[in-house]
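Quick note on our numbering: the sequence shown kicks off at 3 and runs consecutively.
Where a beta carbon is used, it is the ideal one built from N, C-alpha and C, also for glycine.
Okay, so here's the structure we're looking at.
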Amino acid sequence: MEESLKKVADQFAFEGEIKDVRPLGEGLINETFFVETTGGRPSYILQRKNKHIFTDVPAMMDNISKVIEHIKKKVITAGGDPLREALTITPTTDGKLYYKDDKNEYWAACLFIDDTLAYQCADTPGLAEQGGKGIGKFQAMLSDMNEPLADILPGFHNIRYRFKQWDDVLQRDPVGRKLKVAKEVEEIEKRRDEMLAFWIMVEQGEIPIRVTHNDTKISNILFDKQGNVLCVIDLDTVLNSTCLNDYGDAIRSYANAGLEDDENLANVYLNLPIFEAYTKGYLSEAKSFLTPTEKEYLAFSAKYLTFEQILRFLMDYINGDTYYKIKNEKHNLVRTHAQLKLLQSMEDSYSDMRSIVCKYID
Ligand code: GN1
Ligand code: MG
Numbered sequence: 003m004e005e006s007l008k009k010v011a012d013q014f015a016f017e018g019e020i021k022d023v024r025p026l027g028e029g030l031i032n033e034t035f036f037v038e039t040t041g042g043r044p045s046y047i048l049q050r051k052n053k054h055i056f057t058d059v060p061a062m063m064d065n066i067s068k069v070i071e072h073i074k075k076k077v078i079t080a081g082g083d084p085l086r087e088a089l090t091i092t093p094t095t096d097g098k099l100y101y102k103d104d105k106n107e108y109w110a111a112c113l114f115i116d117d118t119l120a121y122q123c124a125d126t127p128g129l130a131e132q133g134g135k136g137i138g139k140f141q142a143m144l145s146d147m148n149e150p151l152a153d154i155l156p157g158f159h160n161i162r163y164r165f166k167q168w169d170d171v172l173q174r175d176p177v178g179r180k181l182k183v184a185k186e187v188e189e190i191e192k193r194r195d196e197m198l199a200f201w202i203m204v205e206q207g208e209i210p211i212r213v214t215h216n217d218t219k220i221s222n223i224l225f226d227k228q229g230n231v232l233c234v235i236d237l238d239t240v241l242n243s244t245c246l247n248d249y250g251d252a253i254r255s256y257a258n259a260g261l262e263d264d265e266n267l268a269n270v271y272l273n274l275p276i277f278e279a280y281t282k283g284y285l286s287e288a289k290s291f292l293t294p295t296e297k298e299y300l301a302f303s304a305k306y307l308t309f310e311q312i313l314r315f316l317m318d319y320i321n322g323d324t325y326y327k328i329k330n331e332k333h334n335l336v337r338t339h340a341q342l343k344l345l346q347s348m349e350d351s352y353s354d355m356r357s358i359v360c361k362y363i364d
């Protein structure tokens, strides 16, 4: 184990002696490590938060802590296990929610939940249904949380804000890639009005603002070994936004028959049985609190979030790969193409998607 990592880990109130600290996971933003301790003590997750993206880590950790506290109360009232059905932040030895090191990097830690599984794709409808239940339940537990959260990522799923960034990057074209992606740019532009029209409904209050997760891909849910959903993880992006973001982003991830960055586009399409299973699970928990307008826009939100992700990947490519971690210089372009293929497949299946949602609304 790296000496510098051990030094950081020593700042946290971990039980037992630290035996090893090693890299874990596939996040596109933060650096994540697994902390193993001795003597049958718990393991932990240690993360270096990306301070260029999360510019106010103290406010982010405060949001996470408030959300966790609210969820734990609900779990306890329902007779569940608050250490397994919710994340638990491990503070520093001086009781803080994060540690700032001598290079001004921010670190945070939480308890590792044993005997759990995380997935990169939803192989079976059963798993997708459980994932949908997990997000529906997460939102339901937070539906009476009135305390506002700090807006640590302004405009995160706001397409008006994203188009502002997009117009700026296209105008600057800092690494001269714009002309090479003229066709892809055109795919964004031809959907601009349709996507903005949805966000106007949010701005006008026709779609309510709630407490939401905002990064609901399948790898952000833990399942137990029987395949039941246990708990939602990666709470960095908990914000006040629309529930439709969470549903749409989850469909983008669960119901993609291929990978987010699949190089073989033949693998990528909307898997309707998985879409149906996720929707069934989600609505079994969420239909009691969603408004008729939210229900009406569920299918659209899958297109919206997939579109937004295409825009973000392509914008990062044009901008010279400053946001997402990449494995090679074409990576953001490969991601763009895979997500565009998924969006086209959703557009082809849109009337089926709407009929499926209708089946589970009441
Ligand atoms: C990022 O780092 P990770 O994997 O949790 C991103 C999400 C994207 C996702 C795409 C703060 O999430 O918005 O949907 O990559 N998070 C941030 O896989 O930008
Ligand atoms: Mg995340």
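By the Cβ-count criterion, G134 is buried, with 16 or more other Cβ atoms from all chains shown falling within 10 Å of its own Cβ.
By the Cβ neighbour-count rule, K305 is buried, with 16 or more other Cβ atoms within 10 Å of its own. In this structure the segment 304 to 318 lies against the segment 179 to 190, because at least three pairs of beta carbons, one per stretch, are closer than 8 angstroms. F114 has no beta-bridge partner at all, per DSSP. Taking 9 angstroms as the cut-off, the beta carbon of F140 is found closer than this to the beta carbon of V234. P176 and G322 do touch by the CB rule: their CB atoms are close to 6 angstroms apart, below 8 angstroms. In this structure, the C-beta of D264 stays at least 8 angstroms away from each heavy atom of ligand 2. Secondary structure note for Q141: its alpha helix (DSSP H) is the uninterrupted segment P127 to L144.
In the assembly as shown, E296 is a buried residue. Its beta-carbon has 16 or more other beta-carbons within 10 Å. Note: C233 is bridge-paired with L224 in the DSSP secondary-structure output. With respect to the 9 angstroms criterion, L344 and V270 are classified as neighbours on the basis of their beta carbons. Counting along the chain, I47 sits inside no alpha helix (DSSP H); it lies in the beta strand (DSSP E) bounded by residues Y46 to K51. In this structure, the CA atom of N216 is about 7 angstroms from the CA atom of L241.
With the rule of 3 Cβ pairs closer than 8 angstroms, the segment 256 to 272 does not count as touching the segment 103 to 113. Residue burial is scored here from C-beta neighbours: Q311 has at least 16 other C-beta atoms within 10 angstroms and is therefore classed as buried. Under the 8 angstroms Cβ criterion, the segment 113 to 132 does not count as touching the segment 17 to 25, having fewer than three qualifying pairs. For K51, same chain residues with a beta-carbon under 6 angstroms away, outside a window of 5 residues either side, are N32, V59 and Y108 in chain order. In this chain, V177 is not harboured by any beta strand (DSSP E), its DSSP state being neither H nor E. Annotation for F200: the continuous alpha helix (DSSP H) segment containing it runs R194 to E205. Your pair L26 and Y326 does not check out as a contact, with CB atoms roughly 18 angstroms apart and the cut at 8 angstroms.
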